[in-house]
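In our numbering, the protein residues as written are 3 to 291.
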């Protein structure tokens, strides 16, 4: 099994005629993802790599039976694109767009509350169940099928650590990049709950970073509800005080949100927390042997 995406996932690309939309559509098709349509307002009737383009999400979903979308549109159009996907009652929406105003993200959350749709992102690399489906921009070579679940706030660290694990013979069930914005759709806790219920996942790797409280909230869930072993890595341990970080969600208030507070919370919850990237492979190998 896997979580969120698998061989049955049928994907619409919103913004398929733009440069990024077209480029990533080609890569996802080459990976084997079932891209069944695209949406670009005013360009309905065209084709991209043989994929039909529609003017609206309702039209695309009705014609293709899609259950998932991925959004490659500029930030100023992303709010409307996410809402259109939610209103089309898709199971999953992946939004890779960065720079969406916080007020728009707050309005998206209000619409998600009474919908059937799950949102990953914005400002995320997407999700991959190796060998089954990829909905996002994750580099194929970094991943291989296996039984380790990964959830991460950092795209770059996701690629680097996954490639190290793959080279060490440790494959992944599903890898989820939830993004670094202050109001992501899925949170660490949400994804941990999914991995806990997934028969194809034996162990989970959580890749966090300084700022916000998502890791502390994940620790509360792990301590009380998680039966599977979790390995954690927190980036930013050596960040100097007062340093402005790249991710919008990397905001520290007092001691809350620091690397120390996150590491303490995870260790108190029974998580095996490693101090460096080089230690991740050994820690997971020891647990999964």
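We put the CB at the ideal spot given by N, CA and C, even for glycine.
For residue i, the three-state DSSP class (helix, strand or coil)
| i | result |
| --- | --- |
| residue 119 | coil |
| residue 237 | strand |
| residue 10 | coil |
| residue 212 | coil |
| residue 18 | coil |
| residue 37 | strand |
C-alpha gap between residue i and residue j, whole angstroms
| i | j | result |
| --- | --- | --- |
| residue 68 | residue 266 | 43 angstroms |
| residue 201 | residue 4 | 8 angstroms |
| residue 130 | residue 39 | 19 angstroms |
| residue 41 | residue 111 | 23 angstroms |
| residue 63 | residue 83 | 14 angstroms |
| residue 92 | residue 136 | 17 angstroms |
| residue 133 | residue 139 | 15 angstroms |
| residue 203 | residue 149 | 5 angstroms |
| residue 121 | residue 96 | 6 angstroms |
| residue 181 | residue 215 | 14 angstroms |
| residue 178 | residue 152 | 6 angstroms |
| residue 31 | residue 286 | 31 angstroms |
| residue 235 | residue 275 | 6 angstroms |
| residue 21 | residue 50 | 11 angstroms |
| residue 199 | residue 98 | 26 angstroms |
| residue 116 | residue 284 | 43 angstroms |
Heavy atom of the ligand ADP within 7 angstroms of residue i beta-carbon
| i | result |
| --- | --- |
| residue 125 | Annotation note on the ligand ADP: not contained in the displayed structure, which lists no ligands. |
Proximity to residue i [Cα-Cα], best of the options
| i | options | result |
| --- | --- | --- |
| residue 76 | 59, 89 and 103 | 103 |
| residue 270 | 288, 218, 289 and 155 | 218 |
| residue 108 | 185, 238, 159 and 230 | 185 |
| residue 141 | 153, 127 and 154 | 127 |
| residue 125 | 228, 280, 80 and 116 | 80 |
| residue 263 | 115, 213 and 197 | 213 |
| residue 66 | 280, 12, 165 and 160 | 12 |
| residue 61 | 195, 161, 89 and 206 | 89 |
| residue 6 | 290, 175, 233 and 117 | 175 |
| residue 227 | 272, 288 and 237 | 272 |
| residue 44 | 26, 25, 37 and 17 | 17 |
Start-to-end residues for the alpha helix (DSSP H) that takes in residue i
| i | result |
| --- | --- |
| residue 128 | Looking at the DSSP string, residue 128 is not in any alpha helix (DSSP H); the run it does join, the beta strand (DSSP E), is 128-131. |
| residue 224 | 216-227 |
| beta strand (DSSP E) segments (min. 3 residues) lying fully within the region 254-281 | For the region 254-281, whole beta strand (DSSP E) runs of length 3 or above, ordered along the chain, are 274-276.
| query | Can you give, in chain order, each stretch of the beta strand (DSSP E) that sits fully within the region 137-170 and has at least 3 residues? | reply | Complete beta strand (DSSP E) runs here, min 3: 147-154.
| said: In chain order, what are the residue ranges of uninterrupted alpha helix (DSSP H) at least 4 long that sit wholly in the region 166-206? | reply: You should have 190-199.
| query | What residue ranges within the region 39-111 form continuous alpha helix (DSSP H) runs of no fewer than 4 residues, ordered along the chain? | reply | Listed in chain order, the complete alpha helix (DSSP H) runs (minimum 4 residues) inside the region 39-111 are 59-66 and 77-89.
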